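Taken in order, these protein sequences are the chains called A and B. Just so we're aligned: 5 in full-length UniProt numbering is position 5 of the first sequence, and the numbers increase by one with no gaps anywhere. Just so we're aligned: 236 in full-length UniProt numbering is position 236 of the second sequence, and the numbers increase by one with no gaps anywhere.
Protein chains: 2
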Amino acid sequence: MSSSSKVKLVELFYDVISPYSWLAFEVLCRYRNVWNINLKLRPALLGGVYKGAGNKGPDDVPRKFHYMVTDLLRLGSYAGVPLRVPAQPINVLLGKGSLPAMRFVTAVAEDSAGDAKVERVSRELWTRIWSNGQDINQLSSLAEVGQKAGLSARKVEELLEQSQSKAIKDKLWNTTEKALDYGGFGFPLTVCHVEGEPKVFFGSDRFELMAHCLGERWVGPKPVHPSVMDSQSHATMRAAMAS
Amino acid sequence: MSSSSKVKLVELFYDVISPYSWLAFEVLCRYRNVWNINLKLRPALLGGVYKGAGNKGPDDVPRKFHYMVTDLLRLGSYAGVPLRVPAQPINVLLGKGSLPAMRFVTAVAEDSAGDAKVERVSRELWTRIWSNGQDINQLSSLAEVGQKAGLSARKVEELLEQSQSKAIKDKLWNTTEKALDYGGFGFPLTVCHVEGEPKVFFGSDRFELMAHCLGERWVGPKPVHPSVMDSQSHATMRAAMAS
């Protein structure tokens, strides 16, 4: 297969409460302009997927949890994602969940035509909880996130109001159910649509396999940053990587 | 860091009941002659690690188990490890455990000076259970494995007898405890000793990170097969990969 073939749809189901989702998010955002893919961000609720799948977080096995912290710091450092261990106990942060935050992201997604705003808002939320150890659910936190992501104060207010609506609550639940329909039991969940078939990948450690499945090439979590290249270079790079 | 520096000890703790351990085993055996490492095989008991860590297998979440089968087949195909879904239910195979098998591997390890025999016996066991869906615990199964791995009928008989001894039972338990001491909660568990510090990696999906930690380079699960190169080529290749 060559990457010069048809653009492939890649869906990323995630929740900002999940630090491994942050890794997958940043890596896929970087590869969006390297691989011949159309990346669609699918904000959903990890708690809902856990409940629907009868799964639990890794924190029910203390050693697994302890390893996870080391693993995340190592992966973050290697991938250039500023994951940090929060000063307050992680269980406290996790215990609060992410319902208001993910409703806000969903409102942003429904309001905007493309994924650019969703991307910025999601990144700001991850930075708050998984880099700065700050709250992500209070109205004031979400307002700050919205403004840091480049939304006007008025727009933020409007989106916060919408995020309480039935339409947004339903949309968030529908996306979560979609993840369950794909067999999801945790996040990140990436669905690559290849020749009419959805190929499902769980976790942030299957990019090499994903590339293989997409007919593309994996060159590590930090491919050449797309902003330094024009679209001609993109095409050249894609061709070189597929050869 | 350059790979021309001191040879680094890498320990692989595994149980042949674990299919992900097979992937890690084959990949590390291939890289043994590509990276500047001294690979030591550490046969241990997954059941013991689960018990000591308060962990459970992935089969307590049905969706996770279902995904695992797809994931294993995809990874096996990509890595060139002949993993297959057994005709009989996996739970039946797993339910029988691997105690006699891992005692036999331990007896082989204690009997031989190097890891060559342990490698061949382990591979034959994985092939039986995870490629052919056959029993790995009956005496007749172990005898067949031993002979396929190149041991004489007499040697196999002797090792099977030794595998029932207190010394071997203790050795298997000690290795399992060692894995727990390193924070283990499942297999494969790889411990890279870098500058006097043990760096612990769980799973068969951290090789790229492991390479980074060892000052080596990851070139996918199928590096050039070492048998086609002489030792001069090894040195050249290592130098090229470290540059």
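From the three backbone atoms N, C-alpha and C, an ideal C-beta is built for every residue, glycine too. If you're wondering where the values come from, they're calculated on a predicted model, not measured in any experiment.
For residue 50 of chain B, name the three-state secondary structure that DSSP assigns.
Three-state result, residue 50 of chain B: helix.
For the region 52-67 of chain B, which residues have a beta carbon sitting closer than 7 Å to at least one beta carbon of chain A?
Cβ contacts with chain A come from 53, 54, 55, 61, 63, 64, 66 and 67.
How many angstroms separate the CA atom of residue 45 of chain B from the CA atom of residue 179 of chain B?
When rounded, the distance between both Cα atoms is 9 Å.
Assuming residue 70 of chain B is part of the alpha helix (DSSP H), what are its boundary residues?
Note, residue 70 of chain B: alpha helix (DSSP H), 62-79.
Just tell me which of B:38, B:60, B:34 and B:47 has its CA closest to the CA of residue 14 of chain B.
Cα-wise, what sits closest to residue 14 of chain B is B:47.
I'd like the span of the alpha helix (DSSP H) that includes residue 223 of chain B, first residue to last.
Here residue 223 of chain B belongs to no alpha helix (DSSP H), and DSSP marks it neither H nor E.
Which residues in chain A sit within 7 Å of residue 212 of chain B, going by Cβ to Cβ distance?
Neighbours of residue 212 of chain B on chain A, chain order: 78.
Does residue 197 of chain B have its Cβ less than 8 Å from a Cβ in chain A?
Output row for residue 197 of chain B: interface = no.
So which residues of chain A does residue 220 of chain B contact, with C-beta pairs closer than 8 Å?
Neighbours of residue 220 of chain B on chain A, chain order: 208.
Can you round the beta-carbon distance between residue 24 of chain B and residue 190 of chain B to whole angstroms, since I take them to be within the 8 Å contact cut?
Contact flag correct, Cβ pair sits at about 7 Å.
Apart from the five residues on each side of it in sequence, which residues of its chain come closer than 6 Å, Cβ to Cβ, to residue 9 of chain A?
Contacts found: 38 and 193.
So, does the CB of residue 205 of chain B fall closer than 8 Å to a CB anywhere in chain A?
True, the Cβ-Cβ gap to chain A drops below 8 Å.
So the alpha helix (DSSP H) residue 246 of chain A belongs to, where does it begin and stop?
Beyond the ends of chain A as shown, which are 1 and 243, falls residue 246 of chain A; an answer cannot be given.
Quick one: residues in its chain with C-beta nearer than 8 Å to the C-beta of residue 103 of chain A, no 5 flanking neighbours on either side, listed in chain order?
Excluding sequence neighbours, residue 103 of chain A sits near 163, 164, 168, 169 and 172.
Where does residue 12 of chain A fall in DSSP's three states?
Note: residue 12 of chain A maps to strand in three-state DSSP.
Considering only the beta carbon of each residue, do residue 35 of chain A and residue 160 of chain A sit closer than 8 Å?
Not a contact, by the Cβ cut-off of 8 Å.
Given that residue 75 of chain A touches chain B, what residues does it touch there, using C-beta distances under 9 Å?
Neighbours of residue 75 of chain A on chain B, chain order: 206 and 209.
Decide yes or no for the touch test of the region 146-160 of chain B against the region 115-126 of chain B: beta carbon pairs closer than 8 Å, at least 3 of them.
As far as the Cβ criterion goes, the region 146-160 of chain B touches the region 115-126 of chain B, which means the pair count is three or higher.
Starting from the C-beta of residue 222 of chain B, find all residues in its chain whose C-beta is less than 6 Å away, skip the five residues before and the five after it, and write them out in chain order.
Excluding residues within five positions, the ones whose Cβ falls inside 6 Å are 80.
Does residue 84 of chain B come out as helix, strand or coil in the three-state DSSP assignment?
Coil.
Return yes when at least one heavy atom of the ligand NAD lies under 7 Å from the C-beta of residue 61 of chain A, else no.
This structure lacks the ligand NAD, and indeed carries no ligand of any kind.
Classify residue 100 of chain A as helix, strand or coil using the three-state DSSP reduction.
Correct three-state label for residue 100 of chain A: helix.
Check the Cβ-Cβ distances between residue 183 of chain A and every residue of chain B, and say whether any is below 8 Å.
Yes, its Cβ sits closer than 8 Å to a Cβ of chain B.
With a threshold of 8 Å between beta carbons, is residue 245 of chain B in contact with chain A?
This structure does not reach residue 245 of chain B, given that chain B is present from 1 up to 243, and the question cannot be answered.
When you compare only the Cα positions, how much space is there between residue 138 of chain B and residue 100 of chain B?
The alpha-carbon atoms of residue 138 of chain B and residue 100 of chain B are separated by roughly 8 Å.
Do residue 187 of chain A and residue 18 of chain A count as a contact pair if the criterion is CB distance below 8 Å?
Yes, Cβ-Cβ distance for residue 18 of chain A and residue 187 of chain A is below 8 Å.
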